[in-house]
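A.B. asks: My numbering applies: residue 2 is where the sequence shown begins, and numbers increase by one.
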Amino acid sequence: MNRRNFLGLGFGVAAVSMISSTLSAEDFRASKPKVWTATKADEAIKEMFGTTATTVGGINLSAPDIAENGAVIPISFDTKLKARTIAVFQDANPEATVAVFTMGAKSVADYAIRIKMQKTGTVTVIADVDGKLHSVSKVVKVTIGGCGG
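#1: Under three-state DSSP, which class holds Arg46?
#2: Opposite Thr103 in the DSSP bridges: which residues?
#3: Is Pro95 helix, strand or coil when you go by DSSP?
#4: Spatial neighbours of Thr123 within its chain, please: CB distance less than 6 Å, with the 5 preceding and 5 following residues excluded, ordered by chain position.
#5: Out of curiosity, what's the CA-to-CA distance linking His135 and Ile116?
#6: Quick one: Cα of Ala84 to Cα of Gly71, how far?
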């Protein structure tokens with residue numbers, strides 16, 4: 002191994018070791034197991050945050066009006082709010098919780114995910130900002146057999 006490769010590898014390992022020491026996440030499957038088994042979005046939201054009272058707005062949500070393939074529905078959302086936790090829920094599947102993200106102090110909340118929905122339903126994104134909940138929702142129509150109409 003030549004010196005240039007050795008130094009490059011050494012700097013890479015040092016950078017990775019410093020990054021991992023600043024990251025942390027809560028395992029919500031272990032700490033709040035009922036969030037993942039709730040069948041209705043309101044139940045899951047209450048289990049996750051302790052209330053369903055939200056202020057609408059503060060989050061930008063992009064989802065298709067009509068999804069021709071319910072197996073891969075692109076969802077993206079972002080916010081300028083300094084959220085501690087952001088969660089995604091939907092009411093078309095037997096389990097309402099899709100994902101929960103823990104945000105660090107310097108995190109940028111800008112996500113794009115793909116979700117699966119069995120039928121037409123509402124996608125809801127909730128952001129916890131110092132105990133105050135902000136939300137945005139959108140109905141996504143899932144067509145059967147790829148017929149968009």
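The beta-carbon is built from N, C-alpha and C at its ideal position, and this holds for glycine as well.
C.D. replies: On the basis of the supplied data:
#1: At residue 46 the sequence reads Ile, which differs from the Arg that was named. Helix.
#2: Thr86
#3: coil
#4: Asp92, Ser138, Val140
#5: 21 Å
#6: 29 Å
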